[in-house]
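Below is one structure, written out as structure tokens; the observations come after it.
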Amino acid sequence: MPDLTEPRDRAELEPWFVERYAQYWSSQGLSAIEGRMVGFLLLSDRPVSADELAAASGASRGSVSTYTRRLIDIGFLRRVRRPGDRSHYFVMDADVWGGFLDNEHAYLVRQRELASTALALMPPTGPAHERIRNMHGYMEWLLGYYGTLRSEWARHKEGLEGPGLTETDEGPPRP
1 MPDLTEPRDR AELEPWFVER YAQYWSSQGL SAIEGRMVGF LLLSDRPVSA
51 DELAAASGAS RGSVSTYTRR LIDIGFLRRV RRPGDRSHYF VMDADVWGGF
101 LDNEHAYLVR QRELASTALA LMPPTGPAHE RIRNMHGYME WLLGYYGTLR
151 SEWARHKEGL EGPGLTETDE GPPRP
């Protein structure tokens, strides 16, 4: 297990950050290998090959292929090519988090539609109806905040400063 004490310099940052990110990722029931790949790409200033991702994550090329497809599908990565090179490389957009928010929106819309279909076809009473009604209501409620979240994120990004950002417990500004 790598030492997770805070890094002292750039050389110590990468392994520390990649492993710490993998821990956070896997704490959500996701693959630690996938988390290492995301952590590695978050720090990368250039397109990264599948071989580099395999080395950084401790995974086989097959696992890298599986996880990169999934990460592309959920909007964390893009596949790119270099002129004259037949290999695929992977990059992360500067605003991967805004893309994540957009993907969450699409997910919520699909879940709300699923609940709508179920509600239209099931008896209007009982525990199952209540669960599906709450599912629909929850998705509808979250979707109501999407526009606000997207615009607040854009506004917040404009105010971000360079190196040395500090953490606050204040949370997002209230409208």
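Taking the numbering used here, the leading residue of the sequence shown gets 1, the next gets one more, and so forth. From the three backbone atoms N, C-alpha and C, an ideal C-beta is built for every residue, glycine too.
(request) Consult DSSP for Phe76 and reduce its assignment to one of helix, strand or coil. (result) For the purposes of this step, residue 76 is taken as residue 76 along the sequence shown, with counting starting at 1. Here Phe76 sits in coil by DSSP.
(message) Along the chain, where does the alpha helix (DSSP H) containing Pro123 start, and where does it finish?
(response) Locating residue 123 in the sequence shown gives position 123, counting from the first residue. No alpha helix (DSSP H) contains Pro123, which DSSP labels as neither H nor E.
(request) Measure the Cβ-Cβ separation of Leu53 and Tyr21 and say whether it is below 9 Å. (result) Within the sequence shown, numbered from 1, the residue matching residue 53 stands at position 53. Within the sequence shown, numbered from 1, the residue matching residue 21 stands at position 21. No, Cβ-Cβ distance for Leu53 and Tyr21 is not below 9 Å.
(message) What would DSSP say about Ser116, mapped onto helix, strand or coil?
(response) If you number the sequence shown from 1, residue 116 lands on position 116. The answer is helix: DSSP assigns Ser116 an H, G or I state.
(request) Out of Met37, Ala11 and Glu12, point me to the one whose CA is closest to Gln23's CA. (result) Position 23 of the sequence shown, counted from the first residue, corresponds to residue 23. Closest by alpha carbon: Met37.
(request) Determine, using beta carbons only, whether His136 and Arg155 come nearer to each other than 9 Å. (result) Position 136 of the sequence shown, counted from the first residue, corresponds to residue 136. Position 155 of the sequence shown, counted from the first residue, corresponds to residue 155. Their beta carbons are not under 9 Å apart, which means His136 does not touch Arg155 by this criterion.
(request) Quick one: using the 10 Å Cβ neighbour count with 16 as the cut-off for buried, is Tyr67 buried or exposed? (result) For the purposes of this step, residue 67 is taken as residue 67 along the sequence shown, with counting starting at 1. When all chains shown are included, Tyr67 counts as buried.
(request) Assuming Val96 and Val80 form a contact by the criterion Cβ under 8 Å, report the distance between their Cβ atoms to the nearest whole angstrom. (result) Here residue 96 is taken as the residue at index 96 of the sequence shown, counted from 1. Here residue 80 is taken as the residue at index 80 of the sequence shown, counted from 1. Incorrect: roughly 14 Å between the Cβ atoms, too far for contact.
(request) Going by CA-CA distance only, name the one from Leu71, Arg8 and Phe17 that's closest to Leu30. (result) Position 30 of the sequence shown, counted from the start, is the residue given in the question as residue 30. Looking at the Cα atoms, Leu71 is the closest of the given residues.
(message) One question on the structure: do Ser63 and His88 come within less than 9 Å of each other, judged by their Cβ atoms?
(response) Residue numbering aside, residue 63 sits at position 63 when the sequence shown is read from its first letter. Residue numbering aside, residue 88 sits at position 88 when the sequence shown is read from its first letter. No; because the gap between Cβ atoms is not below 9 Å, this pair is not in contact.
(message) Using only CA atoms, which one of Arg133, Gly147, Asp45 and Glu140 lies nearest to Gly98?
(response) For this step, residue 98 is matched to residue 98 along the sequence shown. Residue Gly147 is the option with its Cα nearest to Gly98.
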